[in-house]
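Okay, so here's the structure we're looking at.
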Amino acid sequence: MKNLFIASVIGPIVPGIIKSLAEVTRRFEGEWVTSKVIKLDGHFSAMMKIAIAAEAEGELKSCFEAEFSGLRFFFDEVLADKDTAFTSLHLRVDCQDRSGLTRDIVNILTDLDLVIEHMEFNRVAVSTIGQTVFSSTLNLAVPQGVSTESVVELLEGVTEGTRVKVL
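Now the structure itself:
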């Protein structure tokens with residue numbers, strides 16, 4: 001069983017900083033369930049929902065603060081809304097790849113307050129059509145009041161020719 005926590009970080013923008021934070025997380029076998037990054041006038045603020053083994057959580061937090069001493073970190077527990085009922089939704093998304101596609105998909109899902117329980121994606125260069133194809137399998141927890149049809153419709157609008165299949 002993995003623990004979930006929210007890591008918030010602020011500081012000056014340094015090339016590759018988000019990638020470096022993600023690499024440190026993976027070093028401790030953690031993963032970012034979802035994240036948001038905002039950049040403004042040479043500074044950035046990021047929030048990451050991190051899933052990690054309980055015994056590695058403290059080490060990861062200490063490592064963040066030690067390796068990135070020029071940044072400020074804040075750690076909080078995940079506040080789950082216990083009154084909200086969720087249903088599971090499993091989808092496959094296929095489309096032509098483009099820059100920012102994964103981010104746009106995650107933004108659509110988080111804007112609907114969906115919980116991304118698992119997201120796996122692949123990009124494959126298809127030489128016969130001269131393009132790269134994006135394919136993703138998603139396992140989502142959907143709050144009551146959000147329809148499957150609306151999720152599918154929004155995802156199909158992420159880029160032209162997107163196909164979404166409910167599994």
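Residue numbers for the sequence shown follow the UniProt record's numbering, so the first one is 1 and each next one is one higher. Backbone N, C-alpha and C define an ideal beta-carbon position, used for all residues, glycine too.
Kindly indicate the opening and closing residues of the alpha helix (DSSP H) around residue i.
{"i": "residue 64", "result": "54 to 67"}
{"i": "residue 104", "result": "101 to 111"}
{"i": "residue 120", "result": "Per DSSP, residue 120 belongs to no alpha helix (DSSP H); it is in the beta strand (DSSP E), 115 to 126."}
{"i": "residue 77", "result": "No alpha helix (DSSP H) holds residue 77; the beta strand (DSSP E) holding it covers 72 to 77."}
Since residue i and residue j should fall inside the 8 Å C-beta cutoff, what is the C-beta to C-beta distance between them, to a whole number of angstroms?
{"i": "residue 142", "j": "residue 91", "result": "Contact doesn't hold; Cβ gap of about 10 Å is too wide."}
{"i": "residue 78", "j": "residue 5", "result": "6 Å"}
{"i": "residue 116", "j": "residue 140", "result": "6 Å"}
{"i": "residue 47", "j": "residue 8", "result": "5 Å"}
{"i": "residue 104", "j": "residue 132", "result": "Between residue 132 and residue 104 the Cβ distance is about 16 Å, and since that is not below 8 Å, they are no contact."}
Assign residue i to one of three DSSP states: helix, strand, or coil.
{"i": "residue 25", "result": "helix"}
{"i": "residue 18", "result": "helix"}
{"i": "residue 40", "result": "strand"}
{"i": "residue 146", "result": "coil"}
Using 10 angstroms around the beta-carbon of residue i, count the other beta-carbons present and answer buried if the total reaches 16, otherwise exposed.
{"i": "residue 30", "result": "buried"}
{"i": "residue 106", "result": "buried"}
{"i": "residue 125", "result": "exposed"}
{"i": "residue 25", "result": "buried"}
{"i": "residue 14", "result": "exposed"}
{"i": "residue 52", "result": "buried"}
{"i": "residue 136", "result": "buried"}
{"i": "residue 50", "result": "buried"}
If you follow the beta strand (DSSP E) that residue i is in, where does it begin and where does it stop?
{"i": "residue 142", "result": "131 to 143"}
{"i": "residue 158", "result": "No beta strand (DSSP E) contains residue 158, which DSSP labels as neither H nor E."}
{"i": "residue 7", "result": "2 to 12"}
{"i": "residue 89", "result": "86 to 96"}
Is the beta carbon of residue i within less than 8 Å of some heavy atom of the ligand SAH?
{"i": "residue 142", "result": "This structure does not include the ligand SAH; it has no bound ligands of any sort."}
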